[in-house]
Amino acid sequence: MPKRRKILFKLIIFIIFILSIAGCWNRRELDTLAIVFGVGIDKAKKPGNIEITAQVIKPGEMKSPQGGSGGGGEKPYWNLTSSGKTIFSAVREFTHKSNRKLYFPHNEIIIFSEDIAKEGIRKYMDFFIRDPEIRRLVWVLVAKGNASEVLETKAILEKVPARNIAQLIEARAATSQASAVRLQEFLTRLMSKTTAPIASVIEITREKKEKIARLIGTAVFKDDKLVGYLNKSETRGLLWVIGEVKSGIIVVKSPGGNGEVSLEIIHASSKIIPEIKDNNIHIRVEITEEGNLGEQTSAEDLTSLPAWTVLERRQSEAIHNEVRRALKKAQELNTDIFAFGEAVHRKYPELWKDIENRWDEYFPNIEVTINVNAKLRRSGMTTKPPKPE
Amino acid sequence: MLRFLAKKLHFLQLLSQNSEDKQESKSRESSQTSLSRDITQNLKVLKDILGPSNDINIREFSFGYEEKVDAAIIFVDGMVEKTTINESIIKPLMYDSHLFTPKESQTITTSIDLIQRSMISVGDVKKVDSFDELVDDCLYGDTVLLIDGSHEALVISTKGWESRGVQEPKTEAVVRGPREGFTETLRTNTTLLRRKIRDPNFIFESMQLGQRTKTSVCLAYIKGIVNPKLVEEVRRRLKRIKTDAILESGYIEEFIEDAPFSPFATVANSEKPDVIAAKLLEGRVAILVDGTPMVLTVPMLFIESFQSAEDYYSRPYYASLIRTLRFIAYTITILAPAVYVALTTYHQESIPTPLLITMAAAREGTPFPAIVEALMMGTIYEILWEAGIRLPRPVGSAISIVGALVIGESAVSAGLIGAPMVIVVALTAIASFVVPAQSDTATMLRFVLTVFASVLGAFGIMIVLLGVLIHLSALRSFGTPYFSPLAPLSPRDLKDVFARVPLWAMFTRPRTIGWHDPQRQEFRLDPHPPPEESEK
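For the protein sequence lines, the chains are A and B, in the order given. Each residue of the first sequence is one higher than the last, beginning at 462 in the working numbering. Each residue of the second sequence is one higher than the last, beginning at -12 in the working numbering.
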C-alpha cells in the first residue's frame, strides 16, 4: 500500500507542477473574439495623443454571399477608432466600444500616417514588440495621408481592405517596384546604428469616385523619422542591392532601334563587398540576374546571337541605372538603406569601431562600383515575332 | 484508502473460505467415483448424477449369442451422431455378437477389451473407470457403453452436433486472401490451423477450464519456434483460472492479461486462421476456446493492431502506404476533436486566417462552448454506433437516416452545433474504423484528450499523449515489451513497422518474440536472374 500512496503523491506533485508552468493562457471561444485584420495609427486631434484605427472583421458577414440584390449590404468589417496617450491605453480603450476583445494575432498590417512617421515612430514600436499577440510577420506601411482613410478604401476582390492591402504587398513581387517590410525587418533596421529603416508606401487614388488603395515605392526613414520616398525605379534599384527582387519587367530599346523589348526577371541575387582602397572605404555591389525575353514590339528576329548580346547588355545597363538612381537618392537623403554599414562592420570589425559613429559623414560620399551580370535565358513559347516569313 | 484495504481483506477471506468449501464437496463425492461391476448399480448412480434432464438418453439392451450380457449406452441427444451409434455401436453388438464367443478362460474384464478391439467400429474409443470422467465425456457428446460385470466402461467418440459452417469472418473482411474464418467448434478451428501448418512440431495442448461449463481450451504453438518459457507461463496462467464459466475467449483474456487496469489490450485476438497461423509462425502462442470463433494470441505488441493480414498478401509498396495511412488515421481518430477544441479555444493564432474566418463564422450564434459541442457530438456518435450494432438488421437504415440527417444536418441548420464540429466528429468516426483493434481504446483516449484540451489546450494534449506514451513503454505482454520494436528499439524489426519490406527481405522473426529460432528463411531469396553460365 505505501507504493500506491507514493504513486498518488507523485501524481499530485506532477499535476501541481504542470498547472504552475502553464504560461499566460485563457480560454476564449471564437465567438468572443474581435479578429483584427489591420491597424492604422494617426495623430489625434488632441496634441500629443494618437488615434488608433482597428479593422475588425465580422465573420458572419464575411461568410454570407456578398452584394447581390440583398439590399442590406452591410460591410463585413468594422473600423473602430480610439485615442490615448500610448498605444496600449488606446487599444484597451476599445473595450468601451466593442463587446468582444480585440484579437491581434491575425493582424496583417500596421499603417503609420505620414505625419506621425515624420515625427518619429520609435515610441510607438515598443508595444508591437512587447505584446505577445502581435506577430513579427506584420507588414509595416506608411500612408500618404491618413491611415484610417486607407483602411476605408474599397476592396473590390477582397472583402476587407486590410486583407486587400496585405495581398497587394505580397503581389508586388511581380514588379518589385514597391518595398515589402515585415515588422521583424523593420525592427532590425530600427535597432541598427547605421542602417536606415524602410517601409512600404500606400496611397489613395480615386477611380470612378471609388477610393482605391495603391501600393507604390518605398518610405525611407532616418533613424525613426520619415525623411523621403523612393519612386518605382529607385525602389527596384534598392531591391536589386538588398537582393529582394523576385520578378519584374525591364523595358529596353530594341537592338534594331524601332520598338521596345520587355525582359522578365526570373532570378536575381546580389553581394555587397566592402573593400579598402587607398585608405578609403569602397563598396562593390555584384548583381547577378537572369531574365527571359517576354515581349517585343519590333519585327526583327531577336534570337540571333548579335541581337541577343545587345539585349543582354541593355538589360544590365538598365539594372545599373536603377541602382545608380537609388544610390543617388539614398546619398542625398544620407540614409544607408542598403545596409552598407553592416557589410563593412562584418568585414572590418576593427576599422568599424572608428567609423561607426561617423558613418553619416562617410556614407554620402562613399564610392560604389556596380557590377551587373545579366543573362537572358529563354525566349518564351516562340522565337520569332508574329509576321510573315 | 483504509476502507479500500478493509474491503480487499474481506474479499480475500471469502476467497479462502470458498476454496475450502470446494475441497469439502469434492471429498464428499469421491465415495462414488469408481464404477462397480453391477450395471444396475452403475446406472442408478449415473441417473443420480445426470438428473432428470430429458436430453440424456439411456438405452439398455443385451447382447451375446449363447449367454446374454446386459449393456447400456448413455448419450446426450443432439450432441451425438446417431448414425454412428446405430451403425457402429449397437448394430455390431446386437447382430454380430454371435461371431464373438468368449472363451472359457476369458472373464468379462478381458471381454470388454475384446469388444473395444474387435467390435466397435469407431475411431476413438477409450476405457474409463470413474464416474467423473465418464460424465464429462458423455456431456461433451461421447457415448458411454456400460457392460454388466465390468468395472470399466467404454467411452466412444460420437461427437456431432449442429454447428455453423466455416464462413467468411464478418469482423475482418479482406479483398485478397483466404476468406475462411474460425467457427464456434474447437475441433473445426484446430483443423483450420492444422491445415495451414502441417508441421509435426505444431502442438495443440488441451485443457478444460470453468468448473461448470467445462470449456475445452486449446493451447497451440510450434515447438522449436516458440520460447518454452512463454508456453510455460501461458500454461501457468491458464491453470490459475478457477472460475465457474468460460463462455468466450474474453473471459480468459481478462484472467491472464498482464495489465488488467490498462485501457490497452495486451492479448490479441483474431477470427482468421491465416492471421493466427502467421502469429504462431512468429513464435506466439495461440489460445483456442471452444464456443467462440475468436482465437487469442500472446504476447501482443502495440504495432500488431496496425498490421493487417492483407499487408502481406499485397505488394510491399502499397502495403507500406496503407500502413502509413493507418498511423495517420489512428492519430486523427484520437486527436481530431481535441485539436479542434484546443485550436478554437486557446490557439486561434495558429489557424490560417481564411480558415479562422470560416470557423468563426460557423461558431457565430452557436449556443454551446466548443468543448460541450465536442463531447455532445462524440456521445451522440457513440450512441448511434452502439445502436447500429445491436439493432436488428432491417431497422439499421432507419438509424443511419436519423443519425446522419436529423442529428448531423438539422443540428447545424438549427444553429445548435457548428458545422466544423460535425465534420471533425464524422472524420474521427470514419478514421476509427481503419484500426479496428484499437478503436475501443481510441474512443476512451479521444474523450480524455478532448477534456484535457478544453482545460489546458495543446499543453493538455501533450500531457495526455506523454502519459500514454510512458504507459505504453512500460507495458508488457507476457514478458514482451508492448511497444517493441520501437521501445526498446530494435532496428532489425523496423522491417514491419512503418513500412513492410518485401517478404524475401524478412529473414528473421521478431526479436522480442521468436528469437528462439531467429531465421525464418534463407538469405538472398530476392528474385534475380540466374547466374550467367561461364563461356567454355
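Cβ atoms here follow ideal geometry from the backbone N, Cα and C, with glycine treated the same way.
Boundaries of the alpha helix (DSSP H) in which residue i is found, first to last residue
| i | result |
| --- | --- |
| D483 of chain B | Looking at the DSSP string, D483 of chain B is not in any alpha helix (DSSP H), and its letter there is neither H nor E. |
| E360 of chain B | A357 to R377 |
| Q895 of chain A | Residue 895 of chain A is absent from the structure shown; chain A starts at 462 and stops at 850. |
| Q628 of chain A | P622 to A632 |
| Y300 of chain B | A296 to Y300 |
| V603 of chain A | Per DSSP, V603 of chain A belongs to no alpha helix (DSSP H); it is in the beta strand (DSSP E), W600 to A604. |
| N41 of chain B | Neither: N41 of chain B is in no alpha helix (DSSP H) and is coded neither H nor E. |
| I315 of chain B | P303 to T332 |
| T345 of chain B | T340 to R350 |
| M408 of chain B | A406 to S419 |
| R222 of chain B | P215 to R227 |
| P260 of chain B | P260 to L268 |
Beta-ladder partner(s) of residue i, from DSSP
| i | result |
| --- | --- |
| M194 of chain B | B:V204 |
| Q506 of chain B | B:T495 |
| T535 of chain B | Residue 535 of chain B cannot be examined here, being either before or after the span of chain B that is shown, -12 to 523. |
| T430 of chain B | Answer by DSSP bridge pairing: none, since T430 of chain B is not bridged. |
| T666 of chain A | A:I673 |
| N510 of chain A | In the DSSP output, where bridge partners are listed per residue, N510 of chain A has none listed. |
| F50 of chain B | B:V56 |
| V500 of chain A | A:A515 and A:I571 |
| E725 of chain A | A:I710 and A:N753 |
| S464 of chain B | B:T467 |
| V524 of chain B | One cannot answer for residue 524 of chain B here, as it falls past the ends of chain B, which runs -12 to 523. |
Contacting residues, own chain, Cβ-Cβ under 8 Å from residue i (five flanking each side not counted)
| i | result |
| --- | --- |
| G606 of chain A | S574, E575, E664 and I665 |
| N832 of chain A | R745, V746, E747 and I748 |
| S731 of chain A | W701, V702, I703, G704, V746, E747, I748 and T749 |
| F485 of chain B | S307, R310, T311 and F314 |
| S18 of chain B | Reliability of the predicted coordinates at S18 of chain B is poor, the pLDDT of 47 falling under 50, and the value obtained from them is presented with this limitation in mind. Here the set comprises nothing. |
Residues near residue i by beta carbon distance below 7 Å, same chain, minus five either side
| i | result |
| --- | --- |
| D123 of chain B | K201 |
| C125 of chain B | I61, F62, V63 and V131 |
| A495 of chain A | V517, S559, R561, K562, L563 and Y564 |
| S723 of chain A | I710, V712, G755 and E756 |
| P537 of chain A | I518, K519, E522, M523, K620 and V621 |
Residues of its chain near residue i, where Cβ-Cβ distance is below 6 Å and the 5 sequence neighbours each way are ignored
| i | result |
| --- | --- |
| R313 of chain B | F293, V421 and V422 |
| G278 of chain B | E171 |
| E159 of chain B | E258 and K259 |
| L629 of chain A | L676 |
| S117 of chain B | T20 and S21 |
| F801 of chain A | I744 |
| T284 of chain B | A255, K266, R271 and A273 |
| G499 of chain A | Q516, I570, L612 and A623 |
| Y317 of chain B | V422 |
| K467 of chain A | none |
Limits of the unbroken beta strand (DSSP E) element including residue i
| i | result |
| --- | --- |
| G709 of chain A | G709 to K714 |
| N832 of chain A | E828 to L837 |
The ligand ATP heavy atom lying under 6 Å from the CB of residue i
| i | result |
| --- | --- |
| V442 of chain B | In the structure on display, the ligand ATP does not appear, and there are no ligands present to speak of. |
Quiz item: Going along the chain, which unbroken runs of the beta strand (DSSP E) with 3 or more residues stay wholly within the segment 735 to 819 of chain A?
Solution: 741 to 757
Quiz item: Fully enclosed by the segment 77 to 156 of chain B, which beta strand (DSSP E) runs are 3 residues long or longer?
Solution: 112 to 115, 130 to 134 and 140 to 143
Quiz prompt | chain B contacts made by the segment 603 to 631 of chain A, where a contact means CB separation under 7 Å | solution = none
Quiz prompt | Within 8 Å of chain A by C-beta, residues of the segment 306 to 335 of chain B in sequence order | solution = T331, T332, Y333 and Q335
Quiz prompt | Interface positions of the segment 483 to 512 of chain A facing chain B (Cβ-Cβ less than 7 Å), listed along the chain | solution = A483, W486, R488, R489, E490, L491, D492, L494 and I496
Practice problem: Please name the residues in the segment 565 to 586 of chain A whose beta-carbon is closer than 8 Å to at least one beta-carbon of chain B, in chain order. | Solution: P566, H567 and E569
Practice problem: Determine which residues of the segment 813 to 843 of chain A have a Cβ less than 7 Å from any Cβ of chain B, and write them out in chain order. | Solution: none
Self-check item: beta strand (DSSP E) segments (min. 3 residues) lying fully within the segment 522 to 588 of chain A
Solution: 538 to 545, 562 to 564 and 570 to 574
Quiz item: Which residues, in order along the segment 541 to 567 of chain A, keep a beta-carbon less than 7 Å from a beta-carbon of chain B?
Solution: Y564, P566 and H567
Quiz item: Which parts of the segment 678 to 709 of chain A are runs of the alpha helix (DSSP H), unbroken and 4 residues or longer, counting only runs that do not cross its ends?
Solution: 693 to 703
Quiz item: At a Cβ cut of 7 Å, what residues of the segment 351 to 376 of chain B count as close to chain A, listed as they run along the chain?
Solution: E351, P356 and A357
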